[in-house]
Amino acid sequence: CTFFVSYYTFYALVIWYAGAFDQSKSKSDIASGGLDNLIKTYNMESGVECVLGHHEAPVRCLEYCKEHNLVASGGWDSAVMLWDPRSKSSAGFGNNGDKVYAMDVHGSRILVGTKDRKIIVWDVRNLGEPEQIRDSPLKFQTRAVKCFPTGEAFVVASIEGRVAVEYFDMSAEVQKNKYAFKCHREKDESGTEMIYPVNCIDFHPIHNTFVTGGSDALVNIWDPFNRKRICQLHKFVYIFSIMSVSFNATGTQLAIAASYMNELKERPNPEPESTVVVRKITDVEARPKLMPHCICLKTRVFFYEA
Numbered sequence: 182c183t184f185f186v187s188y189y190t191f192y193a194l195v196i197w198y199a200g201a202f203d204q205s206k207s208k209s210d211i212a213s214g215g216l217d218n219l220i221k222t223y224n225m226e227s228g229v230e231c232v233l234g235h236h237e238a239p240v241r242c243l244e245y246c247k248e249h250n251l252v253a254s255g256g257w258d259s260a261v262m263l264w265d266p267r268s269k270s271s272a273g274f275g276n277n278g279d280k281v282y283a284m285d286v287h288g289s290r291i292l293v294g295t296k297d298r299k300i301i302v303w304d305v306r307n308l309g310e311p312e313q314i315r316d317s318p319l320k321f322q323t324r325a326v327k328c329f330p331t332g333e334a335f336v337v338a339s340i341e342g343r344v345a346v347e348y349f350d351m352s353a354e355v356q357k358n359k360y361a362f363k364c365h366r367e368k369d370e371s372g373t374e375m376i377y378p379v380n381c382i383d384f385h386p387i388h389n390t391f392v393t394g395g396s397d398a399l400v401n402i403w404d405p406f407n408r409k410r411i412c413q414l415h416k417f418v419y420i421f422s423i424m425s426v427s428f429n430a431t432g433t434q435l436a437i438a439a440s441y442m443n444e445l446k447e448r449p450n451p452e453p454e455s456t457v458v459v460r461k462i463t464d465v466e467a468r469p470k471l472m473p474h475c476i477c478l479k480t481r482v483f484f485y486e487a
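Residue numbers (my numbering): 182 to 487.
As structure tokens, this is what we get:
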């Protein structure tokens, strides 16, 4: 069955959020970036706000680099920048050649998706030159990128209702494992296929399955190992585009943020409010199906469930 833990409505603009970077037990600091081009930190206990620096255009992405205790930002000025919240200063700069549309951080890697459909991989320890520059496997605008928790692969999502699983290792042996699939599509009453953007991705912290949210107001959970959808959460009433999804640390709850993104030809009156829903996730909804393993003994093959 489907049920909600809680339901919240926000009446103010929610700016890009980076998560706690404070090493103290309180973990009361957050970082933000927005249309004013500024990167700020804010202490929720003291109420003290501090400006770390700025981009030359609006900030599109913000991530926390836990390995190095740095905040990474990507902007429409084509820059990826690192910020040190301890010294309150810039810690690095890299040029992506076009607007940053999506970004993720894993370990010492920064994964960037740009306006011109490039996928760029940076090393946090050296932003002088990117590790990799490759074309997106998807033909249309990139909306989201996300690294696998294990670090060997990543997921790319586009506005064309399509998702790709790619690998960092460029060897032919590894690259043969990459794949892409269609999703967040449906047929209307006339039989015409409606294609919706895939706006966000997040990985389950235990099972390494991943969730996608689309402009069809639907959330899907995928099994990347068996290349199948595990489940689709019921369509959220009065909600339009799913713009952000995030599991909690145990994978038992999923925060789902939605906002009206001008999907309709005529603007609704009143316009739907931006909303965050927190939904319980059962183990069955997130766990991948067991894959059959085989043991070969001479000419006999035995299958067993792992």
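Backbone N, C-alpha and C fix where the C-beta goes; we use that ideal spot for every residue, glycine too.
Keep in mind that this is a model prediction, so the values were computed, not measured.
Just how far apart, CA to CA, sit His287 and Glu370?
43 Å
Work out the CA separation of Lys446 and Phe391 for me, nearest whole Å.
32 Å
Tell me where the beta strand (DSSP E) around Val261 begins and ends.
260 to 265
Going by other Cβ atoms of all chains shown within 10 Å of its Cβ, with 16 needed for buried, is Leu471 buried or exposed?
exposed
Measuring alpha carbon to alpha carbon, tell me which residue in Ile211, Val344, Arg343 is nearest Arg267.
Ile211
Rounded to whole angstroms, what is the Cα-Cα separation between Trp197 and Trp264?
Confidence is the limiting factor: at Trp197 the pLDDT is only 36, short of 50, which leaves the residue's position unreliable and the question unanswerable from this model.
For Ser455 and Asp217, I'd like the C-alpha separation in whole angstroms.
20 Å
Reference Ile220, options Leu233, Ser227, Asn380, closest by Cα
Leu233
For Val302, does the three-state DSSP call read helix, strand or coil?
strand
By the DSSP assignment, the alpha helix (DSSP H) with Asp464 in it spans what residues?
464 to 467
Is the beta carbon of Ala325 less than 8 Å from the beta carbon of Asn389?
no
Buried or exposed, going by whether 16 or more other CB atoms sit within 10 Å of the CB of Thr222?
buried
Reduced DSSP secondary structure (H/G/I, E/B, other) of Val459:
strand
Going by DSSP, which residues form a beta bridge with Ser422?
Ser440
Within 8 Å, strictly: CB atoms of Val229 and Leu243:
no
I'd like to confirm the pairing. Which residues does DSSP put opposite Val344 in its beta bridges?
Ala338, Phe362
Can you give the Cα-Cα distance for Tyr360 and Ser259, rounded to whole angstroms?
28 Å
Count the other CB atoms within 10 Å of the CB of Met497; is the residue buried (16 or more) or exposed (fewer)?
Summary: the structure shown does not reach residue 497, with the chain confined to residues 182 through 487, and so no result is reported for it.
Going by alpha carbons, who is nearest to Ile437 out of Val459, Arg468, Arg306?
Val459
Quick check: Thr323 and Ala283, are their CB atoms within less than 8 Å of each other?
yes
Between which two residues does the beta strand (DSSP E) holding Ala253 run?
251 to 256
Look at Ala510 and Thr295 and say whether their C-beta atoms are less than 8 Å apart.
Missing from the structure shown is residue 510; the chain here goes from 182 to 487 and no further.
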